[in-house]
Amino acid sequence: MSKTATIVYVSPYAASHSALNFVRPDEFIPERWLGEDPAFDGDHRDASQPFSLGPQNCIGKNLAWHEMRLMVCKLLWHFDFKYTKEEKAWTDQKAFIAWEKRPLMVEVKVRER
1 MSKTATIVYV SPYAASHSAL NFVRPDEFIP ERWLGEDPAF DGDHRDASQP
51 FSLGPQNCIG KNLAWHEMRL MVCKLLWHFD FKYTKEEKAW TDQKAFIAWE
101 KRPLMVEVKV RER
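In structure tokens:
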């Protein structure tokens, strides 16, 4: 890289929560990633890069994706989740370079099968 080069960094949080990239960006809508609902056809899914890009991206990305799918499926198969009453303002959090995360309080019940 030359000494006159300028490196531009875009915050992953800002890109993922921009209305320019996603419809209703601050809402948790997992269906937006399935590509089945036309309401989300205008979403720029490539704006979200949780594992980074290029030659220095995460080496364990594929393993992590498989583990996440397995764990989410197991959790959703065995349990029902519901926000508690205290969680109305969960999205009103401080975000700088790193996100200051508060606990997400949910009620969990064993699913009857």
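With full-length UniProt numbering, you'll find the sequence shown wraps up at 113, consecutive numbering, no jumps. Just so you know, even glycine gets a beta-carbon here, dropped at the ideal spot from N, CA and C. Everything numeric in this text was worked out from a predicted model, so none of it was measured.
Scanning Trp33, Ala15 and Thr4 for the CA closest to the CA of Ser52 turns up Ala15.
As for any alpha helix (DSSP H) of minimum length 4 sitting wholly inside the region 23-57, there is none. CA-to-CA, the gap between Ala64 and Tyr83 works out to about 26 Å. Three or more beta-carbon pairs drawn from the region 72-80 and the region 101-110 are found closer than 8 Å, and the two stretches are therefore classed as touching. Rounded to the nearest angstrom, the gap between the Cα atoms of Trp33 and Glu67 is 18 Å.
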